[in-house]
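A.B. asks: Sharing a structure, written as structure tokens. Questions coming.
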Amino acid sequence: MTDFPPSLWFDTANDAPQVPPLGDDLSCDVVIVGAGFTGLTAALTLAEAGISCAVLDSEAPGWGASGRNGGQVNPLLPVHSPDYVYRMIGQGAGERLVQAALASADDIFAMVKKYRIDCEARQNGWIRTAHFKGAAIKFEKQCESWRRAGADISVLETGDLHERLGSTAYEMGAFMPAGGCVQPLSYARGLLKAALGAGVKVFGESRVTSLEKSGDDWIAKTAQGSVRASKVVLATNGYTDNLWPGLKESVVPVISIQMATEIVPEEIRKSMLKNGETFADSRRTIYYGRFDVAGRFLLGSLGQSDSFKDGPQYQRVARETVTLFPQLEGIKWTHRWGGRIAVTRDFMPHLHSPAEGVLAGLGYNGRGVAMSGVVGRAMAAHILGAREDELALPVTKISGYPFHRFHGIGVRAAMHWYNLRDNMERML
Ligand SMILES: Cc1cc2nc3c(=O)[nH]c(=O)nc-3n(C[C@H](O)[C@H](O)[C@H](O)COP(=O)(O)OP(=O)(O)OC[C@H]3O[C@@H](n4cnc5c(N)ncnc54)[C@H](O)[C@@H]3O)c2cc1C
1 MTDFPPSLWF
11 DTANDAPQVP
21 PLGDDLSCDV
31 VIVGAGFTGL
41 TAALTLAEAG
51 ISCAVLDSEA
61 PGWGASGRNG
71 GQVNPLLPVH
81 SPDYVYRMIG
91 QGAGERLVQA
101 ALASADDIFA
111 MVKKYRIDCE
121 ARQNGWIRTA
131 HFKGAAIKFE
141 KQCESWRRAG
151 ADISVLETGD
161 LHERLGSTAY
171 EMGAFMPAGG
181 CVQPLSYARG
191 LLKAALGAGV
201 KVFGESRVTS
211 LEKSGDDWIA
221 KTAQGSVRAS
231 KVVLATNGYT
241 DNLWPGLKES
251 VVPVISIQMA
261 TEIVPEEIRK
271 SMLKNGETFA
281 DSRRTIYYGR
291 FDVAGRFLLG
301 SLGQSDSFKD
311 GPQYQRVARE
321 TVTLFPQLEG
331 IKWTHRWGGR
341 IAVTRDFMPH
351 LHSPAEGVLA
361 GLGYNGRGVA
371 MSGVVGRAMA
381 AHILGAREDE
391 LALPVTKISG
401 YPFHRFHGIG
411 VRAAMHWYNL
421 RDNMERML
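Last residue of the sequence shown? That's 428 in full-length UniProt numbering, and every number before it is there in order.
Okay, structure coming up:
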């Protein structure tokens with residue numbers, strides 16, 4: 001049995017459809033490695049087009065970042081503005097990616113509706129805040145660029161921002177009505193149920209240990225079985241291991257942590273995020289928060305370790321909660337957990353095709369709830385015969401971080417530096 005991290009989501013999720021470990025040798029059209037949002041969306045899309053698929057995960061479906069994230073469905077690319085993206089990857093490819101990102105939140109809520117996924121889905125908007133003047137200036141420019149690309153995003157007057165957020169900690173913010181939230185583990189399990197219903201074979205506790213070419217096919221081997229297929233989809237994001245040479249080195253796994261409180265009294269809830277919005281700020285260590293449907297408050301940030309036992313990082317988040325929202329002083333914390341996001345060198349999501357019949361989609365840089373659906377569908381479209389210039393994102397070569405093996409030291413040092421910079425900037 002897979003051990004899930006002790007998250008609020010695990011305690012409140014809908015029951016998981018049971019999936020066995022792979023214990024046999026199977027054949028199908030496509031084998032998918034990783035049963036998170038990316039892998040399950042690809043599988044569901046393919047199965048509905050009549051393609052037979054098997055999905056294998058080392059743990060249980062939804063065990064990775066998909067079952068542990070903040071559940072914020074945010075439709076903007078994490079770092080770059082559309083104008084920057086056009087310069088980076090070309091106008092045509094850039095426009096396809098930007099438009100796909102802009103539609104990505106609506107896509108999730110459409111999936112929830114189509115498959116009747118019971119996952120506390122709410123599309124009540126997203127407030128993005130700037131933590132100091134420099135960030136506000138940069139963010140206003142980015143908003144302009146996103147607006148020119150067609151985004152419905154409006155800068156909030158300071159008074160309006162304080163009123164909506166229930167906090168006077170930020171001077172500048174913007175509102176995007178397309179944003180929203182889900183209970184992420186229930187969403188993953190809903191996708192799983194839909195995929196199983198469409199005929200996908202899903203196996204848990206089935207780590208793929210090798211991928212070997214055999215004639216025109218690939219054979220994915222696990223400890224107790226194998227799947228032969230002509231196509232392979234790698235959907236392992238921050239949990240990517242050495243299965244495909246060089247893929248692990250193309251992302252740095254960075255920890256994001258989350259904490260959740262007991263149910264906050266209604267009087268207090270009326271004073272913050274009262275329309276059910278989510279929020280995220282512009283700090284390098286990113287603070288992001290929301291309520292769940294029962295009224296528990298969640299705050300997350302980048303962290304150092306995904307262990308719930310690493311006290312100091314959670315104390316920092318707890319302290320910051322009360323700085324941002326003094327009305328939460330004295331509220332008890334009930335859950336804390338962490339997981340891995342995948343950071344790429346250019347802060348862009350990537351679709352790779354490193355060999356005939358093999359696709360890999362990853363690198364959401366902490367903004368993957370909505371984007372994983374885009375990438376999962378793009379990989380399915382590629383397999384179904386779409387031209388590369390029709391896909392939501394370009395097919396790029398795998399490009400590794402230099403000195404990747406030292407990433408642990410680098411990330412820890414960067415986190416200290418980020419904290420320091422964020423705190424200094426808050427004082428400006
Ligand atoms: C704490 C936290 C908070 C976050 N908050 C947000 C948020 O609010 N909004 C947002 O947009 N994004 C957020 N993210 C990011 C988002 O969760 C991820 O980008 C997204 O879930 C990635 O989905 P995925 O399916 O690609 O990968 P994952 O869900 O991580 O799944 C990868 C799977 O691959 C499996 N795997 C790896 N290697 C193998 C192998 N060899 N064989 C078989 N299986 C294998 C793993 O077991 C894992 O289940 C957050 C992430 C974390 C950790």
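C-beta atoms are modelled at their ideal positions from N, C-alpha and C, and glycine is treated no differently. On a predicted model such as this, the values are computed, not experimentally measured, just so you know.
With burial defined as no fewer than 16 other Cβ atoms inside 10 Å of the residue's Cβ, what is the status of Ser210: buried or exposed?
C.D. replies: As a working mapping, residue 210 is identified with position 210 in the sequence shown. The residue in question, Ser210, is exposed, as its Cβ has fewer than 16 Cβ neighbours within 10 Å.
A.B. asks: Which residue comes first and which comes last in the beta strand (DSSP E) that contains Arg336?
C.D. replies: As a first step, residue 336 must be located in the sequence shown, where it is residue number 336. Here the beta strand (DSSP E) through Arg336 covers 333-344.
A.B. asks: Nearest CA to the CA of Met259: which residue from Gly339, Ala16, Asn242?
C.D. replies: As a first step, residue 259 must be located in the sequence shown, where it is residue number 259. The residue with the shortest Cα to Cα distance from Met259 is Gly339.
A.B. asks: Looking at Leu391 and Ala378, is the spacing between their C-beta atoms short of 7 Å?
C.D. replies: On the sequence shown, residue 378 is found 378 positions in, with the first residue counted as 1. On the sequence shown, residue 391 is found 391 positions in, with the first residue counted as 1. Taking 7 Å as the Cβ cut-off, Ala378 and Leu391 qualify as a contacting pair.
A.B. asks: Straight-line CA distance for Val322 to Phe37?
C.D. replies: Numbered from its first residue, the sequence shown carries residue 322 at position 322. Numbered from its first residue, the sequence shown carries residue 37 at position 37. About 32 Å.
A.B. asks: Give the straight-line distance between the Cα atoms of Glu262 and Glu356, rounded to the nearest whole angstrom.
C.D. replies: Sequence index remark: in the sequence shown, residue 262 carries index 262 (1-based). Sequence index remark: in the sequence shown, residue 356 carries index 356 (1-based). Cα to Cα, Glu262 sits roughly 51 Å from Glu356.
A.B. asks: Looking at ligand 1, does it come within less than 6 Å of Leu102, judged from the CB to the closest heavy atom?
C.D. replies: In the sequence shown, the residue the question calls residue 102 occupies position 102. Every heavy atom of ligand 1 is 6 Å or more from the Cβ of Leu102, so no.
A.B. asks: Among Gly34, Pro21, Thr12, which one has its Cα closest to the Cα of Val233?
C.D. replies: In the sequence shown, counting from the first residue as 1, residue 233 sits at position 233. The residue with the shortest Cα to Cα distance from Val233 is Gly34.
A.B. asks: Taking the continuous alpha helix (DSSP H) assigned at Ser145, which residues delimit it?
C.D. replies: As a first step, residue 145 is located in the sequence shown; it is residue number 145 there, counting from the start. 133-148 is the extent of the alpha helix (DSSP H) around Ser145.
A.B. asks: Do the CB positions of Gly70 and Tyr401 come within less than 7 Å of each other?
C.D. replies: As a first step, residue 70 must be located in the sequence shown, where it is residue number 70. As a first step, residue 401 must be located in the sequence shown, where it is residue number 401. Not closer than 7 Å, so no.
A.B. asks: I want to know whether the stretch 276-295 touches the stretch 234-241 - three or more CB-CB distances under 8 Å.
C.D. replies: Touching, no, given that fewer than three Cβ pairs across the two stretches are closer than 8 Å.
A.B. asks: Use the C-beta contact count for Arg128: other C-beta atoms within 10 angstroms, 16 or more gives buried, fewer gives exposed.
C.D. replies: Numbered from 1 along the sequence shown, position 128 holds the residue referred to as residue 128. Its Cβ being crowded by 16 or more others within 10 Å, Arg128 is buried.
A.B. asks: Ser210 lies in the beta strand (DSSP E); which residues open and close that run?
C.D. replies: The residue given as residue 210 occupies position 210 in the sequence shown. 210-214 is the span of the beta strand (DSSP E), which, as asked, contains Ser210.
A.B. asks: Where does Glu266 fall in DSSP's three states?
C.D. replies: Position 266 of the sequence shown, counted from the start, is the residue given in the question as residue 266. In the structure shown, Glu266 sits in a helix (DSSP, three-state: H, G or I).
A.B. asks: Is Ala280 helix, strand or coil when you go by DSSP?
C.D. replies: Counting from one through the sequence shown, the residue named residue 280 turns up at place 280. It is a strand residue.
A.B. asks: Return helix, strand or coil for Gly62, following the three-state DSSP convention.
C.D. replies: In the sequence shown, the residue the question calls residue 62 occupies position 62. The answer is coil: DSSP assigns Gly62 none of H, G, I, E or B.
A.B. asks: Around the Cβ of Asn74, are there at least 16 other Cβ atoms within 10 angstroms (buried) or fewer (exposed)?
C.D. replies: Numbered from 1 along the sequence shown, position 74 holds the residue referred to as residue 74. Asn74 should be labelled buried.
A.B. asks: Within the stretch 165-203, note down every full alpha helix (DSSP H) run reaching 4 residues or more, in order along the chain.
C.D. replies: 184-197, all fully within the stretch 165-203.
A.B. asks: Under 8 Å by Cβ, that's how I've got Asp306 and Ile255 pegged, so tell me the actual separation to the nearest angstrom.
C.D. replies: Numbered from its first residue, the sequence shown carries residue 306 at position 306. Numbered from its first residue, the sequence shown carries residue 255 at position 255. Yes, Asp306 and Ile255 are in contact; Cβ-Cβ is about 5 Å, under 8 Å.
A.B. asks: Could you give the residue range of the beta strand (DSSP E) that holds His352?
C.D. replies: Here residue 352 is taken as the residue at index 352 of the sequence shown, counted from 1. Element bounds for His352: 350-355.
A.B. asks: Is it buried or exposed, Trp417, if we count other Cβ atoms within 10 angstroms and call 16 or more buried?
C.D. replies: To locate residue 417, count along the sequence shown from 1; it is residue 417. With fewer than 16 other Cβ atoms within 10 Å, it is exposed.
A.B. asks: Would the beta-carbon of Gly70 be found less than 6 Å away from any heavy atom of ligand 1?
C.D. replies: Here residue 70 refers to the residue found at position 70 when the sequence shown is read from its first residue. Result yes, Cβ under 6 Å from ligand 1.
A.B. asks: Measuring CA to CA, which of Thr278, Ala151, Asp24 is closest to Arg122?
C.D. replies: Start at 1 with the first residue of the sequence shown, and residue 122 comes out as number 122. Among Thr278, Ala151, Asp24, the Cα nearest to that of Arg122 is on Thr278.
A.B. asks: Distance check for Trp126 and Gly166, CA to CA, integer angstroms please.
C.D. replies: Position 166 of the sequence shown, counting from 1, holds the residue named residue 166. Position 126 of the sequence shown, counting from 1, holds the residue named residue 126. For Gly166 and Trp126, the distance between alpha carbons rounds to 14 Å.
A.B. asks: Let me know the beta strand (DSSP E) ranges lying completely inside the stretch 78-110, each 3 residues or longer, listed in chain order.
C.D. replies: Counting whole runs of 3 or more residues, the stretch 78-110 contains no beta strand (DSSP E) stretch at all.
A.B. asks: Buried or exposed: Thr2, going by 16 or more other Cβ atoms within 10 Å of its Cβ?
C.D. replies: Locating residue 2 in the sequence shown gives position 2, counting from the first residue. So Thr2 ends up on the exposed side.
A.B. asks: For the alpha helix (DSSP H) containing Asp25, list its first residue and its last residue.
C.D. replies: Residue numbering aside, residue 25 sits at position 25 when the sequence shown is read from its first letter. Element bounds for Asp25: not the alpha helix (DSSP H) but the beta strand (DSSP E), 25-27.
A.B. asks: From what residue to what residue does the alpha helix (DSSP H) around Ile383 run?
C.D. replies: As a working note, residue 383 is residue 383 in the sequence shown. First-last of the alpha helix (DSSP H) with Ile383: 368-383.
A.B. asks: Look at Phe203 and Pro21 and say whether their C-beta atoms are less than 7 Å apart.
C.D. replies: Mapped onto the sequence shown, residue 203 falls at position 203. Mapped onto the sequence shown, residue 21 falls at position 21. It is a contact, given that the beta carbons lie within the stated cut-off.
A.B. asks: Once the 5 residues before and after Lys193 are set aside, which same chain residues still bring their CB inside 7 Å of it?
C.D. replies: Here residue 193 is taken as the residue at index 193 of the sequence shown, counted from 1. Closer than 7 Å at Cβ, skipping near neighbours: Pro17.
A.B. asks: If you follow the alpha helix (DSSP H) that Asp217 is in, where does it begin and where does it stop?
C.D. replies: Locating residue 217 in the sequence shown gives position 217, where the first residue counts as 1. Taken as a continuous stretch (DSSP letters only), Asp217 belongs to no alpha helix (DSSP H), being part of the beta strand (DSSP E) at 217-221.
A.B. asks: Check whether the stretch 181-201 and the stretch 57-68 are in contact - that is, three or more C-beta pairs closer than 8 Å.
C.D. replies: These segments touch.
A.B. asks: Could you tell me the distance, in whole angstroms, from the CA atom of Ser230 to the CA atom of Cys53?
C.D. replies: Counted from its first residue, the sequence shown places residue 230 at position 230. Counted from its first residue, the sequence shown places residue 53 at position 53. Straight-line Cα distance between these residues: approximately 11 Å.
A.B. asks: By Cβ distance below 6 Å, which residues in the same chain neighbour Thr168 in space, the five residues on each side in sequence not counted?
C.D. replies: Locating residue 168 in the sequence shown gives position 168, counting from the first residue. Taken in chain order, the residues that qualify are His162.
A.B. asks: Note down the Cα distance separating Glu95 from Lys213, rounded to an integer number of angstroms.
C.D. replies: In the sequence shown, counting from the first residue as 1, residue 95 sits at position 95. In the sequence shown, counting from the first residue as 1, residue 213 sits at position 213. Taking the straight line from one Cα to the other gives about 36 Å.
A.B. asks: Which of the three DSSP states is assigned to Ala318 in this structure?
C.D. replies: As a first step, residue 318 must be located in the sequence shown, where it is residue number 318. Correct three-state label for Ala318: helix.
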